[in-house]
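**Q** Quick one: the structure is below, and I'll ask about it shortly.
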Amino acid sequence: MHKFACKDLGIDCEFSATGENKEETLQKAMAHGGVVHKDLMEGQTEEQKAGFDKMLYDSIQPV
Ligand SMILES: [Zn+2]
Numbered sequence: 005m006h007k008f009a010c011k012d013l014g015i016d017c018e019f020s021a022t023g024e025n026k027e028e029t030l031q032k033a034m035a036h037g038g039v040v041h042k043d044l045m046e047g048q049t050e051e052q053k054a055g056f057d058k059m060l061y062d063s064i065q066p067v
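Quick note, the sequence shown lines up with residues 5 to 67 if you use this note's numbering.
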């Protein structure tokens with residue numbers, strides 16, 4: 005199992021997601037971010053988005 009939490013990215017949000025593997029967890033995190041943190045994502049440049057995606061991916065930890 006892998007786990008993601010918004011708090012791990014310094015976002016003030018109680019959301020966390022778990023998945024069988026990193027990819028599944030990432031999908032859940034992206035689905036959440038695309039809705040709940042839409043404003044946060046929309047204000048970013050393509051470059052910032054790419055950096056954010058990497059940071060998100062790296063923050064997913066095995067549990
Ligand atoms: Zn969140």
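Virtual Cβ for every residue (Gly too), placed ideally from N, Cα, C.
What does DSSP give as the partner residues of residue 8 in its beta bridges?
**A** Answer is 21, bridged to residue 8.
**Q** Comparing the CB of residue 19 with every heavy atom of ligand 1, is any distance shorter than 7 angstroms?
**A** Indeed, a heavy atom of ligand 1 lies less than 7 angstroms from the Cβ.
**Q** Quick one: what's residue 65 bridged to in DSSP?
**A** According to DSSP, which records beta bridges pairwise, residue 65 is partnered with 7.
**Q** Would you say the beta carbon of residue 40 comes nearer than 7 angstroms to a heavy atom of ligand 1?
**A** Yes, Cβ of residue 40 sits closer than 7 angstroms to a heavy atom of ligand 1.
**Q** Is residue 52 helix, strand or coil when you go by DSSP?
**A** Residue 52: helix per DSSP, three-state reduction.
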